[in-house]
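**Q**
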Amino acid sequence: MLEISQYALNGAIAFTILGLLAEVLFITGKWNKQSENPWYTMAFTLVALALTLFYLGVRMVNTGHGPFANQHEFSVAFSAGILGALALFVWRYKFHILSVVVLPVVTVMLIYATQLDTELKPLVPALQNSVLLTFHVGFAVFSYGAACVSFGAAVLYLITPYVRSKYFPSAELCDEVGYRAAALAFPLLTIMIILGSVWANVAWGRYWGWDPKETAAFVTWLFYGAFLHARVVRNWRGTKSAWLLIIGFIAVLFAYFGNHFFGGLHSYA
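For the sequence shown, position 99 (counting from the first letter as 1) is numbered 99 according to UniProt numbering, and the numbering increases by one without interruption.
1. Quick check on Phe139: buried or exposed, where buried means 16 or more other Cβ atoms within 10 Å of its Cβ?
2. For Asn70, which of helix, strand or coil comes out of DSSP?
3. Smallest Cα separation from Val105: which of Gly84, Cys148, Trp204?
4. DSSP three-state label for Leu110, please.
5. Between Tyr157 and Ala242, which are expected to be in contact by the criterion C-beta below 8 Å, what is the C-beta distance as a whole number of angstroms?
6. Going by the beta-carbon positions, is the gap between Leu49 and Val76 smaller than 7 Å?
7. Could you have a look at Lys121 and say whether DSSP puts it in helix, strand or coil?
8. Does DSSP put Thr160 in a helix, a strand or coil?
9. For the alpha helix (DSSP H) containing Thr41, name the first residue and the last one.
10. Got a sec? Which residues, its chain only, sit under 6 Å from Ser5 by beta carbon, not counting five neighbours each side?
11. Please classify Tyr268: does DSSP put it in a helix, a strand, or coil?
12. Check Thr239 in the structure and name its three-state DSSP category.
13. Starting from Ile194 and walking both ways along the alpha helix (DSSP H), at which residues does that stretch end?
14. Exposed or buried, which one is Phe95 when buried takes at least 16 other CB atoms within 10 Å?
15. Contact between the segment 105 to 114 and the segment 171 to 187 is defined here as three or more beta-carbon pairs at a separation below 8 Å; is this criterion met?
16. Ends of the alpha helix (DSSP H) at Arg231?
17. Drop a sphere of 10 angstroms on the beta-carbon of Glu119, count the other beta-carbons inside from all chains shown, and report buried for 16 or more, exposed for fewer.
18. Thinking Ala182 and Ser150 are a contact (beta carbons under 8 Å), I'd like their distance in whole angstroms, please.
19. From Ser197, Gly64, Leu9, pick the residue whose C-alpha is nearest to that of Arg206; which is it?
The structure is reproduced here in structure tokens:
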């Protein structure tokens, strides 16, 4: 089953690329002349999501814990979170073109995951409380996925005026989706940090220690909170809003990869 799951991970990469190519070919008019986005452009993404979940499920069955033992597992989980958030917002807003920006991020993340150590290993002592940690990582994955969608919408907002295609969305839709995705990411980040603090107290005997990853996650949370404040109270929209969302996702990536540069208690992930 483990060998089959490895094929599933490779298949997820292939279907992610197919989903991206299908969307690009559609918006450039190279594939067909349909006025609406064909069903199979999103079907490829859903298959990629199913394959990543299958891969993670097989590892969970064989290890008895969630996808958080190492960087490889969390990278695949991160990718699944992005794919899930993408599917949600495409379904809710019929915003298929998000795939053009979001799927390249997933592709890079999955390829990166395949370059890491995939060996099944026992948990380090700090990770023994697997139920609590599974929820902590789960909220992290979903919040990062929503942040990636807000990033995609922001990028589309900035480039839409320069692209001549009837398939590109209105700037208003890009702005709205970016805001809605950030509004989803913020409470998920909040729960992630709370659960992480509780877990830290169980694992290390303190709720907060300004570990580099803790600090980066807190700064990211503050940033999205500031964005929502500026949006709701000061009515920041348009270009300023888009750039804030792009910077916010850069903060997410730093929170994810920063421990490789600064070490700390999260160095295993």
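All C-beta atoms, glycine included, are put in the ideal place defined by N, C-alpha and C.
Since the model is a prediction, treat every value here as computed from it, not as a measurement.
**A** The answer reads as follows:
1. Buried, because 16 or more other Cβ atoms sit within 10 Å of the Cβ of Phe139.
2. Here Asn70 sits in coil by DSSP.
3. Of the listed residues, the one whose Cα sits closest to Val105 is Cys148.
4. Here Leu110 carries a helix assignment [DSSP, helix/strand/coil].
5. Between Ala242 and Tyr157 the Cβ distance is about 4 Å, and since that is below 8 Å, they are a contact.
6. No; because the gap between Cβ atoms is not below 7 Å, this pair is not in contact.
7. DSSP places Lys121 in the coil class of the three-state scheme, outside both helix and strand.
8. Here Thr160 sits in helix by DSSP.
9. Its alpha helix (DSSP H) spans residues 39 to 63.
10. Contacts found: Tyr55, Val58.
11. Unreliable positioning characterises Tyr268 in this predicted model, as indicated by a pLDDT of 49, which lies under 50. A coordinate reading is not provided.
12. Here Thr239 sits in helix by DSSP.
13. It spans 171 to 204 - the alpha helix (DSSP H) in which Ile194 sits, taken as one unbroken run.
14. The Cβ neighbour count for Phe95, taken over all protein chains shown within 10 Å, is at least 16; the residue is labelled buried.
15. The segment 105 to 114, when compared against the segment 171 to 187, does not touch it at the 8 Å Cβ threshold.
16. It spans 212 to 232 - the alpha helix (DSSP H) in which Arg231 sits, taken as one unbroken run.
17. Exposed, by the Cβ-count rule.
18. That belief holds up - the Cβ atoms of Ala182 and Ser150 are roughly 4 Å apart, short of 8 Å.
19. Closest in C-alpha terms to Arg206, from the list Ser197, Gly64, Leu9, comes Ser197.
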